[in-house]
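Asks: Respectively, the protein sequence lines represent chains B and H.
If you count by the numbering used here, then the first sequence holds residues 894 to 1122, one letter each, in order.
If you count by the numbering used here, then the second sequence holds residues 894 to 1122, one letter each, in order.
Protein chains: 2
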Amino acid sequence: MMNEITPLERRADGGPGPIRRTALHDTLVSHLRDMIIEGDLSPGTRLHEGQLGEQLGVSRTPLREAIKYLASEGLVELVPSRGAVVKRFSAKDVHDMLTVLQTLEELAGKLACEAASDAAIAEIRALHDEMVRRYKVGDRLQYYKLNQQIHSAIVQLAENAALADMHGVLQTRLKRIRFIGHEGPEKWAAAVAEHDEMIVALEARDKAKLSEVLGRHLMNAWERVRASV
Amino acid sequence: MMNEITPLERRADGGPGPIRRTALHDTLVSHLRDMIIEGDLSPGTRLHEGQLGEQLGVSRTPLREAIKYLASEGLVELVPSRGAVVKRFSAKDVHDMLTVLQTLEELAGKLACEAASDAAIAEIRALHDEMVRRYKVGDRLQYYKLNQQIHSAIVQLAENAALADMHGVLQTRLKRIRFIGHEGPEKWAAAVAEHDEMIVALEARDKAKLSEVLGRHLMNAWERVRASV
DNA sequence: CTTTTGTATTCTGTATGCAGCATTTTCTGT
DNA sequence: ACAGAAAATGCTGCATACAGAATACAAAAG
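Right, dumping it as structure tokens:
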């Protein structure tokens, strides 16, 4: 992927709704996040404030603030007097994260079955169907994005802000790994099959089943990505 | 508690080990954290950069960086063009956090039984005994601190960095609530009893039992603090 | 040829200055 | 006297400037 670093475009408006001024901080944070996830900034790379700021067309002050924010999210590491470096995750780190993610999604599954409205479930079904379509066509990138969306959406159904937060942090940390990991056809098929089970269980509001499938799905996720780590 | 705000003392050394220079950022972050937890900055309060910086004896720049860091931790909220305010947690928020914390500690319990060394368990036993001593004397503050330490220590035993991270974030967010919550004698006794069960289960390395007790303990925690929220 | 030390450069850490937005106060018209 | 508008104040957001630490390089000594 390795795009070249492009200056940050400061979009003036967020579209419809109340006219909200540019929030440079947020823009910078997500921009840097993407750069890390997509590999423009690979693990171990030092985040050079002067250079990076110049490339993005931003002064050091807001850049530093964004870096501190990302540090708290765990994407970069702050070394006193030596700046920030992109955090490197070991295989064990990834496995640990998946273990926690598994537990969180199991919980999310249970809560979702209790709290979700039919309409919300229907939306996820739509995402799922679209994802399957992408799978059949072999569109990996869109598949990947829809996959993430579905998992996040199920967590949203649980209507538990803390759960969504924790899940989001881990999901973000893992994005880079998943972004790289390219499982073979048979494993991909298995993943899709698990997703199918998920949707069925959700529509049936079968707590135990949904929780079980989500857990199994993430256990298998480890098998799928372990080679890439 | 409401201490008056005191200038930040810049400690020169962290004790033994390699002589490390003052890390103002870290100091500021934990100082602000403490101020929020202990109620010097109550929920809804705007964090006035000029004023606060002057009181702490620090310029606005590092202060802003620390605030951004805390924002990512979820202790303060950033409002565009209007600075940062201390986040206010609703009863549902607290309940949600405890739900997630429960799940995480259940997981920690299972992992801890597998991974912990005898020595590590002995250390927790020591903390526990000390805590019980404090309970018998009625020393609430020390009891509270040791209580937190024990929970964190058990999570540490699991040797899962991601788990420890997520647990730490939630623990921090809840600290303020727990700091306030003063349960009555009978509930306090029940909590101590649960801790007793925990230690016994841990020493027996009884995964199921430890996990169950930890879960129950946190369910009850909600009963103990719900009045304070 | 290797090692060590002194110096120069580069980068981080912190302070300060300036512009724009939000809010409040004051002024004006009815 | 009251409503609305305009000015004034205060604060945030960003940029720049300065000081100190770390690193890299070069020269000299073993």
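For every residue, glycine included, the Cβ atom is placed at its ideal position computed from N, Cα and C.
None of these values were measured; they are calculated from a predicted model.
#1: What is the residue span of the alpha helix (DSSP H) that B:V1122 lies within?
#2: Name the DSSP bridge partner or partners of H:R939?
#3: Would you report the Cα separation of H:A1009 and H:Y962, rounded to the nearest angstrom?
#4: H:E1087 and H:H1110 look like a contact to me (Cβ under 8 angstroms); what is the Cβ gap, rounded to whole Å?
#5: Rounded to a whole number of angstroms, what is the C-alpha to C-alpha distance between H:L1124 and H:C1006?
#6: Can you give me the start and stop residues for the beta strand (DSSP E) that H:V969 sits inside?
#7: At a CB distance below 7 angstroms, what residues from the region 1041–1055 of chain B approach chain H? Give them in sequence order.
#8: Given that H:E998 touches chain B, what residues does it touch there, using C-beta distances under 9 angstroms?
#9: 8 angstroms is my cut-off, CB to CB: does H:V1106 come that close to chain B?
#10: How would you list, in chain order, the residues of chain B whose beta-carbon sits under 7 angstroms from the beta-carbon of H:R957?
#11: Return yes when the Cβ of B:P955 is within less than 8 angstroms of the Cβ of B:L921, no when it is not.
#12: Whole angstroms is fine: what's the gap from B:V987's alpha carbon to B:V1122's?
#13: At a CB distance below 8 angstroms, what residues from the region 933–964 of chain H approach chain B? Give them in sequence order.
#14: Can you find the residues in the same chain that come closer than 7 angstroms, C-beta to C-beta, to H:V1085, ignoring five residues on each side of it along the sequence?
#15: Between which two residues does the alpha helix (DSSP H) carrying H:G1002 extend?
#16: With a cut-off of 8 angstroms, does the C-beta of B:V1122 fall near any C-beta of chain H?
#17: Starting from H:V1062, trace the alpha helix (DSSP H) in both directions and tell me its first and last residue.
#18: Should the region 1016–1024 of chain H be regarded as contacting the region 1014–1021 of chain B, the criterion being three or more beta carbon pairs within less than 8 angstroms?
#19: Cβ of H:G1002 less than 8 angstroms from any chain B Cβ?
#20: Can you find a C-beta in chain H that's less than 8 angstroms from the C-beta of B:A977?
#21: Closer than 7 angstroms by C-beta to B:E1105: which residues in its own chain qualify, once you throw out the five before and the five after it? Chain order, please.
#22: For the alpha helix (DSSP H) containing B:V1030, list its first residue and its last residue.
#23: Check whether the Cβ of H:D1058 lies closer than 8 angstroms to any Cβ atom in chain B.
#24: B:D1089 lies in the alpha helix (DSSP H); which residues open and close that run?
Replies: Once the coordinates are examined:
#1: Residue numbering aside, residue 1122 of chain B sits at position 229 when the first sequence is read from its first letter. Counting along the chain, B:V1122 falls outside any alpha helix (DSSP H), and DSSP gives it neither H nor E.
#2: Within the second sequence, the letter at position 46 stands for residue 939 of chain H. Paired residue(s): H:V978.
#3: Residue mapping note: residue 1009 of chain H aligns to position 116 of the second sequence, counting from 1. Residue mapping note: residue 962 of chain H aligns to position 69 of the second sequence, counting from 1. CA-to-CA, the gap between H:A1009 and H:Y962 works out to about 32 angstroms.
#4: Locating residue 1087 of chain H in the second sequence gives position 194, where the first residue counts as 1. Locating residue 1110 of chain H in the second sequence gives position 217, where the first residue counts as 1. In this structure H:E1087 is in contact with H:H1110, their Cβ atoms being roughly 5 angstroms apart against a cut-off of 8 angstroms.
#5: The question about residue 1124 of chain H has no answer, for chain H in this structure spans 894 to 1122.
#6: To locate residue 969 of chain H, count along the second sequence from 1; it is residue 76. V969 to V972 is the span of the beta strand (DSSP E), which, as asked, contains H:V969.
#7: Listed by position, the residues of the region 1041–1055 of chain B near chain H (Cβ gap below 7 angstroms) are N1053, A1054 and A1055.
#8: For the purposes of this step, residue 998 of chain H is taken as residue 105 along the second sequence, with counting starting at 1. Those do not exist, as H:E998 stays about 10 angstroms from chain B at its closest Cβ, beyond 9 angstroms.
#9: Taking the first residue of the second sequence as position 1, residue 1106 of chain H is located at position 213. Closer than 8 angstroms: no.
#10: Stepping through the second sequence from its first residue, residue 957 of chain H is reached at position 64. Neighbours of H:R957 on chain B, chain order: E958.
#11: Translated into the one-based positions of the first sequence, residue 921 of chain B becomes position 28. Translated into the one-based positions of the first sequence, residue 955 of chain B becomes position 62. Cβ atoms of B:L921 and B:P955: closer than 8 angstroms.
#12: Position 94 of the first sequence holds residue 987 of chain B. Position 229 of the first sequence holds residue 1122 of chain B. Cα to Cα, B:V987 sits roughly 8 angstroms from B:V1122.
#13: In summary, the residues of the region 933–964 of chain H whose CB is separated from some CB of chain B by less than 8 angstroms are T954, R957, E958, A959, K961, Y962, L963 and A964, in the order they occur in the chain.
#14: Residue numbering aside, residue 1085 of chain H sits at position 192 when the second sequence is read from its first letter. Once the five neighbours on either side are set aside, the close Cβ partners of H:V1085 are V1025 and Y1028.
#15: Here the question's residue 1002 of chain H lines up with position 109 in the second sequence. Taken as a continuous stretch (DSSP letters only), the alpha helix (DSSP H) holding H:G1002 covers A984 to A1008.
#16: Within the first sequence, the letter at position 229 stands for residue 1122 of chain B. No, because no Cβ of chain H sits closer than 8 angstroms to the Cβ of B:V1122.
#17: To locate residue 1062 of chain H, count along the second sequence from 1; it is residue 169. Where H:V1062 is concerned, the enclosing alpha helix (DSSP H) stretches over A1054 to I1073.
#18: Using a Cβ-Cβ distance cut-off of 8 angstroms, the region 1016–1024 of chain H and the region 1014–1021 of chain B are not in contact, since fewer than three pairs of beta carbons, one from each stretch, lie closer than that value.
#19: For the purposes of this step, residue 1002 of chain H is taken as the residue at position 109 of the second sequence. No, because no Cβ of chain B sits closer than 8 angstroms to the Cβ of H:G1002.
#20: Taking the first residue of the first sequence as 1, we reach residue 977 of chain B at position 84. At least 8 angstroms separates the CB of B:A977 from every CB of chain H.
#21: As a working note, residue 1105 of chain B is residue 212 in the first sequence. There are no such residues.
#22: Your numbering for residue 1030 of chain B matches position 137 in the first sequence. D1011 to V1030 is the extent of the alpha helix (DSSP H) around B:V1030.
#23: Walking along the second sequence from the start, residue 1058 of chain H turns up at place 165. Yes, because at least one Cβ of chain B sits closer than 8 angstroms to the Cβ of H:D1058.
#24: Against the first sequence, residue 1089 of chain B aligns to sequence position 196. Looking at the DSSP string, the run of the alpha helix (DSSP H) that includes B:D1089 is P1078 to E1096.
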